[in-house]
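Right, one structure below, let's go through it.
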Amino acid sequence: MTTHSHRPLGRLAATVAFSLFAVSGALADSAGVTFSSGNNFTEKTGEELYANVCAACHMSEGQGAVGAGHYPALAKNANLESSGYPIYVLLNGLKGMPPVGKMMDDDQIAAVVNYVRTNFGNDYKDAVTAADVAGTR
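Going left to right, the sequence shown walks through residues -28 to -1, 1 to 109 as mature numbering (1 follows the signal peptide of the UniProt record, and there is no 0) numbers them.
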């Protein structure tokens, strides 16, 4: 008499079930996040840009993170006092941060810089303009 094992089917079913669970969790985590198409970001407001571009590394409340790399906190960050500093970092990158400002226009960079400088415990009121960004490019 030959005995057939059903374990391969059980493993396949478990793999499929786990995959569906993982995908549904990933979709739930990305609720409300939009993706830009092409080589440029499409978000317009500083809040949208931060949420969809910056928060993945700097975290949703600007608290920063350490793991596969070091992502500095933007919350209560004295380096943001000089408005030119975050413009420079967005345009040129710094250490592990890529120059994401190359995928934004001047208005978008000004918007996200102003958002970060006025949120997360930062209170720097001298607003950055698109002309400031253009002068740094």
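Even for Gly, the Cβ is constructed at its ideal location relative to N, Cα and C.
Check                                                                                          : Outcome
Those residues which DSSP pairs with H42 across a bridge                                       : V38
Inter-residue spacing [alpha-carbon to alpha-carbon] between G56 and T108                      : 8 Å
Whole-angstrom C-beta distance between V88 and Y36, which should lie under 8 Å                 : The sequence shown places Gly at residue 36, not Tyr. Not a contact, Cβ separation roughly 12 Å.
Alpha-carbon spacing of L62 relative to L52, whole angstroms                                   : 12 Å
Coil, strand or helix - M69 by DSSP                                                            : strand
Reduced DSSP secondary structure (H/G/I, E/B, other) of V100                                   : coil
contact_flag[the stretch 17 to 36, the stretch 75 to 86] where n(CB pairs < 8 Å) is 3 or more  : yes
CB contact flag (D95, N12, <9 Å)                                                               : no
Distance between beta carbons of I59 and D104, contact taken as under 8 Å                      : 7 Å
Contacting residues, own chain, Cβ-Cβ under 7 Å from M69 (five flanking each side not counted) : V61
Environment of L46 [buried if 16+ CB atoms lie within 10 Å]                                    : buried
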